[in-house]
Amino acid sequence: MLSRRTAITTLLGAATAGWENIRASAADPIRVGTILSVSGPAAFLGQDMKDGAQLAVDEINDAGGIGGRKIDWIFYDAQSQTQQAIAEARRLLSNDGVDIIVGGGNMSGIALAIAPMAEAAKVPFVSTEGASAIVNPVADHRWTFKSTVDDYLVLQRAADYFDKKGLRKIALLADTSGFGQGAAEQLKIVAKERNLDAIYESFAPSDTDLVPQLGRVRDAGAKAILCWTVTPAGVVFLKQAQQLGLDEKLALVHSYGFVTGKYMELAGSAAAKLLLLSQKFVVGDQLPDSDPVKAKIAVLTDSFRRRFNRVPNQFVAQTYDAVYLAKMALSNGGSDREKVRETLENIRDYKCASGIFSFSPEHHSGLAKSNVVLVNWANGRFNLVDYA
Amino acid sequence: MAEPSDAVDPVSGPITPAANDERPGARIGARPALFLFWLALLAIPLFGSNDYVISLGVSFLINLILIASLNVLIGYCGQISLGHAGFYGLGAYSAGILSAKLGVNPWAGLPAACVVSAFAALVIGIPALRLKGHYLAMATLGFNAILSVLFDQLVPWTGGPNGLLGVRPLTLGNFALNSQARVFPLIWLCAGLVMLALLNLIQSRIGRAIRAIATSEIAAASLGIDAFRYKLIVFVLTAGMAGLAGSLYVESNLYASPESFGFSLSILLVAMVALGGWGRYAGAIPGALIYTAAPEILRTFQDAQLLIFGAGMIAVLLFFPTGLAGAADAAARIWQRSRR
Amino acid sequence: MSAGSTSATALQLLFAGVGNGAIYALIALGFNVIFKSTGALNFAQGEWVMLGGMIAAAAVAAHADVWLGCLVAVVIVAAVGFLSERLIVAPLKRPTPMLITLLSIGLAISTKSVVMLALGKDPAGYPGFSGDAVLSIFGARVPAQTLWIIGITLAFIVMAHAFFERTILGKSLRAVAADREAASLVGINVRHSVMWSFVIGALAGGIAGTIITPLTFTSYDQGGLIGFKGFSAAMLGGIGNLYGALVGGIVLGLLETMAAGYISSHFKDAVAFIVLLTILFALPSGLLGRSEAERV
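Line order of the protein sequences matches chains A, B and C.
Under the numbering used here, the letters of the first sequence match residues 254 to 641, in that order.
Under the numbering used here, the letters of the second sequence match residues 1425 to 1764, in that order.
Under the numbering used here, the letters of the third sequence match residues 14 to 309, in that order.
As structure tokens, then:
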């Protein structure tokens, strides 16, 4: 028989235990999980993306965290392998109990594999990868969001430029990765809408000889070549196009996955006439002052330089912004995952370094076409060529 | 104890003493040991704290099927196959496509995967196994390379580089095996059956025949053993097992992508067989353990993990050329001798 | 398409194919030398190629002249070959082919990771021996570097032939390859020969790496794929056969390029391998190999 004393002690104990829990959760860290590839073929942009996320997390924590709770940032290297990434996503979801996942391995294939896992676990996932299939159809991807611009929109932007220059017959030289293939699928749609005569060639990401493809493109009479890859094969493309004399006759355009000084330097003189589709980030200082994100770009460039001692590129901005998007949602929802998800879905006109983000229940891809510009490489840096 | 000569033999020549001397598993009854070990594995879903830990158990079992079957081929049969990952992938995609694209009951995928991989092995094996030396290595490597291209390019069927999505989980009535904990018993059962089958194989007449062939094909032929036939049987069987592993993989992950089945995995599997101890039945277990656990353990070392793995592999092979299982055997023998 | 441009295209593809093929030939040669002396398949061969390119790139980035950078790289890679042998073969009491093959897998992984840690993950490259010069040959536009590649490969093969035919060391390597026991009976130090074969194998790999990188660029993880192609070329030519390496390499290079040019660039690897395997089914010892006598 419980004595009165025991009963009171027990009740008090239970009450204070409950109170302790509330107190603890206020100081409990918010767990943010990130999967990126910092080794393997996708590594060269993975490291930049990791540093971008790191900067954002540190900034947020230095400012006191989210609602008084610090971010416990858990990072795993996908090593450019989907299988690895799946195991790590599982670890984040069941072992580490993360509140949100930011970053899908910097490979579209990995993000595509993580999305269903996030959906099943009902954990929000902000992907920093390119393929529009990551968030479509929206009905099956309630928990997945994309902080990058859709390849469909980038191609529409390219079509804008081709219209301006009167180029109708274009060739897409895409690699066989998820990134390249996604573009091929979307171009079929865009070409129809914009009345472009498109021919399609492809190569394996590890290919070192594109002469057969370039020969066919030249013989078919294309006026522009759009190359879609993130691998060094894109440099081989430039060199061999120069070798065949194509850089004199055709417009050569690279996708936003290729906008990095390392590749431009490797290409040397072959990059002289190249144009690239890009986010505004790399030419931030050359944007007109009226541009809404110019200031944000300057701020990020400065803080990144001070922290990491090198100039940031748009990959840095991609993850930096993704973390801030997560922060916005987490400030509202905390550990209530559904609330976090809803907040993400309703973000409108949020200005970040990559551009202006707007999501909606029908549209889980945050950036619009107006965030894409065309740049070239000269004087050791990227320069704005075509603004709007 | 008979030592194989170290004259220059083709890589497929005679192997370690273990495959030649004493009946495999004679020291401790192999079947009871297997049975006990298998029961012990049930601790994983019972005590595993979350899905992630159980998923490691599932991976271990699938990897065990792959490595044990390859071990029998390389260690007992003396044939180097560099295409094991290809058969694995073929099984995975066969089962996955049946379920995701053709709407067939996922249960049919398991036997289908075995059959497809076994058939492919038959097609390659018939010309390849008639010849000595590295011919099988080259043929299987080429086969793996061709499959990788097909997995990548046949987009309407395989989903291409983005992988195969939409694989439906196995179901028992209304109960879907769509979590690691739920799918574990099935994988546990299948892997157990495979290990039992392999044990039976190496202790059977066929097993004795292939060990004779591995020692000396000429001598075996003089005893009336048709080397080609037995090598083909083992090649086809082990490929079928790899196919089964593939179907289990795709049903537990509900996803498959081409890069998981490339020739670099084939080479890594051979390395795991070696680390565990080729030609030793129990060698598959440390091999599969290392393969499953190493990425998890080494994860904290970030960039250095590859180096640790490579250097570790060299170290193990230099000090224990018969692999970890061989080292354990040698240690046991020393201990037994010291007790006398 | 006019007749002129068809033949120009064919010539273009021919030069590309032979250029790639020459590289495969060099790798196959290195592979064969080690195979002949140890019986093992050297899985680190491709990493040595990558190493040559990466070191040369690092040297050029440190303001060395391209020729000097390549020379330095080749010397270092040959030294790495020597060290590799000391590490994975010399300590073995019983250096069986299987064991050395497996150790070479560990060596490949280790080499790759050391490069990643020391030289980074970024792709690397440098200008060719004649810069970016391109020659016009009957309508085909051929980079000068391709001609350098073909020339250097041929020179190397000729030197290798002279080495194996005329020098004592070369002849002793051949003796060991033919019959180890007999060779050691006549006083040839078998262990030393194995060491030299590793040096030569690495040398061939390093040279291949330095001359191809201006055209293809390289990075720490490019070794596996090219090593695999080299192995295929070696099998095609007849494993262990010096001239087989040349023939096998050129044939494989041409197969790939022609398949990409005339059949499909999507499936070019598959086509090349199907043809390769078909040739091997018909001629199991490879194009130039002689079937080995059955060991009784």
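Beta carbons are placed, not taken as given, at the ideal position from N, Cα and C, and that holds for glycine.
In this text the structure is predicted, and so the values were computed from the model without any measurement.
Within the same chain, Cβ atoms closer than 8 Å to the Cβ of residue 448 of chain A are found at 421, the five residues on either side in sequence being excluded. With contacts defined by Cβ atoms closer than 8 Å, residue 42 of chain C and residue 196 of chain C do not form a contacting pair. Those residues of the region 291-310 of chain A placed with their C-beta closer than 9 Å to a C-beta in chain C are 291, 292, 293, 294, 296, 297, 299 and 300, ordered along the chain. Taking 8 Å as the cut-off, the Cβ atoms of residue 1741 of chain B and residue 301 of chain C do not count as close.
Per DSSP, the continuous beta strand (DSSP E) segment holding residue 532 of chain A begins and ends at 528-532. With contacts defined by Cβ atoms closer than 8 Å, residue 154 of chain C and residue 496 of chain A form a contacting pair. Put simply, the backbone Cα of residue 166 of chain C is about 10 Å away from that of residue 37 of chain C. Put simply, the CB of residue 1492 of chain B is far from chain C, with every gap to its CB atoms at 8 Å or more. Taking the Cα of residue 504 of chain A as reference, the smallest distance to any Cα among A:629, A:334 and A:579 is reached at A:629.
Identification of residues in the region 259-287 of chain C having a C-beta nearer than 8 Å to some C-beta of chain B yields 279, 280, 282, 283, 286 and 287, given in sequence order. Residue ranges of uninterrupted alpha helix (DSSP H) with 4 or more members, entirely inside the region 1653-1710 of chain B and ordered along the chain, are 1687-1700.
Considered as a whole, the region 448-520 of chain A harbours 450-456, 477-481 and 504-507 as its complete beta strand (DSSP E) runs of no fewer than 3 residues, in chain order. The beta carbon of residue 122 of chain C sits closer than 8 Å to some beta carbon of chain B. Annotated three-state conformation of residue 1474 of chain B is coil, per DSSP. Between residue 1503 of chain B and chain A, the shortest Cβ-Cβ separation is not below 8 Å.
Assignment of residue 616 of chain A by DSSP, reduced to helix, strand and coil, places it in the strand class. Under the three-state reduction of DSSP output, residue 23 of chain C falls in the helix class. With a cut-off of 8 Å on Cβ pairs, the region 304-313 of chain A is not in contact with the region 1735-1754 of chain B, counting fewer than three such pairs. Listed in chain order, the non-local C-beta contacts of residue 1606 of chain B below 8 Å within the same chain comprise 1599 and 1600, local neighbours out to five positions each way being set aside. Annotation: the region 34-116 of chain C contains the following complete segments of the alpha helix (DSSP H) (minimum length 4 residues), in chain order: 58-74 and 79-101. At a C-beta separation below 7 Å, residue 1683 of chain B has these neighbours in chain A: 334 and 335.
Inclusion of residue 158 of chain C and residue 142 of chain C in the CB contact set at 8 Å is warranted, their separation being smaller than that value. In the displayed model, residue 1530 of chain B falls within a helix according to three-state DSSP.
Taking a 10 Å sphere around the C-beta of residue 390 of chain A, we find fewer than 16 other C-beta atoms and assign the residue as exposed. Residue 171 of chain C sits exposed, since fewer than 16 C-beta atoms from the chains shown fall within 10 Å of its C-beta. When 8 Å is used as the limit between beta carbons, residue 1558 of chain B is near these residues of chain C: 54, 248 and 252, in chain order. Neighbours of residue 287 of chain A in chain B, taken as residues whose beta carbon is under 8 Å from its own, are absent, since the nearest beta carbon is some 14 Å off.
Residues of the region 91-113 of chain C whose Cβ lies closer than 8 Å to any Cβ of chain B, in chain order: 100, 101, 104, 105, 107, 108, 109, 110, 111 and 112. With respect to residue 218 of chain C, residue 80 of chain C sits apart: the two C-beta atoms are not nearer than 8 Å. Of all C-beta pairs linking the region 1470-1486 of chain B to the region 1525-1541 of chain B, fewer than three are shorter than 8 Å, placing the two stretches out of contact. Around the beta carbon of residue 557 of chain A, 16 or more other beta carbons lie within 10 angstroms, which makes this residue buried. Per the coordinates, the alpha-carbon of residue 251 of chain C lies some 23 Å from the alpha-carbon of residue 281 of chain C.
Under the Cβ criterion of 8 Å, residue 1691 of chain B is counted among the residues facing chain C.
Contact annotation: in the region 354-368 of chain A, residues whose CB is within less than 8 Å of a CB in chain B are 361, 362, 365 and 366.
With respect to the 8 Å criterion, residue 355 of chain A and residue 285 of chain A are classified as neighbours on the basis of their beta carbons. By the Cβ-count criterion, residue 454 of chain A is buried, with 16 or more other Cβ atoms from all chains shown falling within 10 Å of its own Cβ.
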